[in-house]
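Chemist: Quick one: the structure is below, and I'll ask about it shortly.
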Amino acid sequence: MRIVLGLVAIIGADAAFADGLPAPLTEADFAPVREVEARLGQLLFYDPILSGNRNVSCGTCHHPAFGTGDGLSLGLGDGGIGLGPKRVADPDNMPEQRIPRNAPALFNLGAYEFTVLFHDGRIEVDPDRPGGLRTPLDADMVTGFASLLSAQTMFPVLSPDEMAGHYSENEISQAVRRGVITGQGGAWDLISQRVRDIPAYADSFVATYDHIDAPDQITFADISNAIAAFMEFEWRSDNAPFDAVLRGEATLPEPAATGMSLFYGDAGCASCHSGPFLTDHEFHAMGAPQIGPGKAARFESHARDEGRFRVTGDPADLYAFRTPSLRNVALTGPYGHAGAHRDLRSFIEAHLDPVAALETYDVTNAVLPALPVDDTRGLADSPAIAQAVTYAPRRITDAQITSLVAFLDALTDPAAIDGKLGIPDAVPSGLPIDQP
Numbered sequence: 047m048r049i050v051l052g053l054v055a056i057i058g059a060d061a062a063f064a065d066g067l068p069a070p071l072t073e074a075d076f077a078p079v080r081e082v083e084a085r086l087g088q089l090l091f092y093d094p095i096l097s098g099n100r101n102v103s104c105g106t107c108h109h110p111a112f113g114t115g116d117g118l119s120l121g122l123g124d125g126g127i128g129l130g131p132k133r134v135a136d137p138d139n140m141p142e143q144r145i146p147r148n149a150p151a152l153f154n155l156g157a158y159e160f161t162v163l164f165h166d167g168r169i170e171v172d173p174d175r176p177g178g179l180r181t182p183l184d185a186d187m188v189t190g191f192a193s194l195l196s197a198q199t200m201f202p203v204l205s206p207d208e209m210a211g212h213y214s215e216n217e218i219s220q221a222v223r224r225g226v227i228t229g230q231g232g233a234w235d236l237i238s239q240r241v242r243d244i245p246a247y248a249d250s251f252v253a254t255y256d257h258i259d260a261p262d263q264i265t266f267a268d269i270s271n272a273i274a275a276f277m278e279f280e281w282r283s284d285n286a287p288f289d290a291v292l293r294g295e296a297t298l299p300e301p302a303a304t305g306m307s308l309f310y311g312d313a314g315c316a317s318c319h320s321g322p323f324l325t326d327h328e329f330h331a332m333g334a335p336q337i338g339p340g341k342a343a344r345f346e347s348h349a350r351d352e353g354r355f356r357v358t359g360d361p362a363d364l365y366a367f368r369t370p371s372l373r374n375v376a377l378t379g380p381y382g383h384a385g386a387h388r389d390l391r392s393f394i395e396a397h398l399d400p401v402a403a404l405e406t407y408d409v410t411n412a413v414l415p416a417l418p419v420d421d422t423r424g425l426a427d428s429p430a431i432a433q434a435v436t437y438a439p440r441r442i443t444d445a446q447i448t449s450l451v452a453f454l455d456a457l458t459d460p461a462a463i464d465g466k467l468g469i470p471d472a473v474p475s476g477l478p479i480d481q482p
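Next up, the structure:
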């Protein structure tokens, strides 16, 4: 199984560093992808047919025009109109709330090193679990997902705020409300049936997968596998100026060169943003402000987001969130698990002294489409968030911050901005595609 092979590749990898820099990326760091599978996944990724009300696609919140995010602090899924920072609430189908967390970037998620996903790491590779994965579904987790990334796609389609729609609006959201997710007539099966009923998709699945001989054999795992293959193929990013440095082919100009020295030296960034993808894949309480609805269960009324703690139950994990990869970070704002900072410089400044930054945070630094909700309720939790921070403040100058920003710009891979396949002109469902 590919999931287990990924663990083997990591355990056996050479962790040698030269001059504090990680080793350059090679083909061995990435899972192989069949282009025919990626091309099928491309259509599914941009097709709203997977959403309850047929109005939201994966590409709505993960669009290449916005660094594979949505350009918003907290997005609007079902009930939104438009794309990116221009997206607004539909007055005829108002969202119940904003999506609770910032849309993460999709770069390099096909690399073996990525064995945990989401801001809180609630899905991760675990060979002892069914299908080799640990997810919130636990024993109800179905098998057939080719990778962790494939399993990730099964959750947004179940979220009322993201893709499923309000509970009374369609057959998929109704199944979610009843808790019928797996099996015949479950939410995933209903989505799969929509795809099976489109001849172009049915033919493509039969042609792409050896284990599928007829449309009725197409499962949601097959749909997820195709979408994952597309993301892996489309947004592999290993050709930034920084990569040329790692390969010994170039040096960075100033002030990026000074920024790189700071990053791996006095600024201490590499203590968390380590390795070739500039992440340790661990969870740290960095005092990011809490805005928006928070990550609460439907029966809860608070606006907190306790991060990794909600997964592990360990008090040491309170307000800790996964270290994001910094590949193409200049393209992926706003920043933080709740997108509280609209620009990279302000986020770096806040990182230097998170506790002090929490005390002066202003929600106008976020990018939030108008919605009649109180986005500041979570700020009442700031004292508890600050108490969880163990990071010692750093003191660097404005000029040094400028150098750090220049180095982070050098992590941008020009070929990754638009991707390899791009946005299709049309999708088999005939539904409209989101365009910037």
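Under our numbering, the first residue of the sequence shown is numbered 47, with each subsequent residue one higher.
All residues carry an ideal CB built from backbone N, CA and C; glycine is no exception.
1. First and last residue of the beta strand (DSSP E) that includes I237?
2. Starting from the C-beta of Y92, find all residues in its chain whose C-beta is less than 8 Å away, skip the five residues before and the five after it, and write them out in chain order.
3. Among D289, A275, A349, A386, which one has its Cα closest to the Cα of A484?
4. Leaving out five residues before and five after P287 in sequence, what residues of the same chain have Cβ atoms less than 6 Å from its Cβ?
5. Starting from I169 and walking both ways along the beta strand (DSSP E), at which residues does that stretch end?
6. What is the DSSP secondary structure of V82, reduced to helix, strand or coil?
7. Where are the beta strand (DSSP E) runs, 3 residues long or more, that stay fully inside the stretch 428–461, in chain order?
8. Quick check: what's the CA-CA separation for S270 versus A402?
9. According to the neighbour-count rule (16 or more other Cβ atoms, all chains shown, within 10 Å of its Cβ), is T443 buried or exposed?
10. Where does A157 fall in DSSP's three states?
11. Below 7 Å CB to CB, which residues in the same chain sit around I95 once its five sequence neighbours on both sides are set aside?
12. Grab me the residues of D326's own chain with a C-beta within less than 6 Å of its C-beta, minus the 5 sequence neighbours each way, in chain order.
13. Under 8 Å, with one C-beta from each stretch per pair, do the stretch 344–351 and the stretch 423–434 reach the 3-pair mark?
14. What does DSSP give as the partner residue(s) for R368 in the beta ladder?
15. By the DSSP assignment, the alpha helix (DSSP H) with V291 in it spans what residues?
16. Quick one: what does DSSP say R223 is sitting in, helix, strand or coil?
17. Determine whether the beta carbon atoms of F251 and D235 lie at a separation below 8 Å.
18. From the DSSP secondary-structure annotation, give me the bridge partner or partners of G178.
19. With H, G and I counted as helix, E and B as strand and the rest as coil, what does DSSP make of G126?
20. Are R144 and V357 touching if we call contact CB-CB under 8 Å?
21. Could you compute how far the alpha carbon of A434 sits from the alpha carbon of G333?
22. Does the Cβ of P257 have 16 or more other Cβ atoms within 10 Å, making it buried, or fewer, making it exposed?
23. Determine, using beta carbons only, whether G113 and A151 come nearer to each other than 8 Å.
24. Just to confirm before moving on: does the CB-CB distance between D124 and E208 stay below 8 Å?
25. How should M140 be labelled, buried or exposed, when 16 other C-beta atoms within 10 angstroms of its C-beta is the threshold for buried?
26. Going by C-alpha distance, which of N285, A313, F279, I244 is nearest L71?
27. Could you name the residues of the same chain whose beta carbon sits closer than 8 Å to that of L179, not counting the 5 residues immediately before and after it, in chain order?
28. By the three-class DSSP mapping on this structure, what secondary structure does L195 have?
29. CB-CB under 6 Å to P261, same chain, minus the five flanking residues each way: which ones, in chain order?
30. Going straight from the alpha carbon of N374 to that of S214, what length do you get?
31. For G382, does the count of other Cβ atoms within 10 angstroms reach 16, so buried, or fall short, so exposed?
32. Out of S283, T297, G232, which has the shortest C-alpha to C-alpha gap to T265?
33. If you draw a straight line from the alpha carbon of P131 to that of D174, how long is it in whole angstroms?
34. Between A461 and the rest of its own chain, which residues show a CB-CB distance below 7 Å, the 5 nearest in sequence each way excluded?
35. Would you mind stating whether D308 and L450 have Cβ atoms separated by less than 8 Å?
36. In or out: E81 buried (at least 16 other Cβ within 10 Å) or exposed?
Modeler: Well, looking at it:
1. Run containing I237: none in the beta strand (DSSP E); it sits in the alpha helix (DSSP H), 233–242.
2. S103, C104, G105, I469, P470, V473, I479, D480
3. In this structure the chain extends from 47 to 482, so residue 484 is not present and cannot be described.
4. A456
5. 169–171
6. helix
7. none
8. 43 Å
9. exposed
10. strand
11. R240, V241, S475, L477
12. C318, S320, T369
13. yes
14. F329
15. 287–292
16. helix
17. no
18. None; G178 has no bridge partner.
19. strand
20. no
21. 8 Å
22. First, the amino acid is wrong: residue 257 is His here, not Pro. Exposed, by the Cβ-count rule.
23. yes
24. yes
25. exposed
26. N285
27. I49, I169, E170, V171, D172, M187, F191, L194, A197
28. helix
29. R242, A248
30. 39 Å
31. buried
32. G232
33. 42 Å
34. N285
35. One point to set straight first is that residue 308 is Leu, not Asp, in the sequence displayed. Their beta carbons are under 8 Å apart, which means L308 touches L450 by this criterion.
36. exposed
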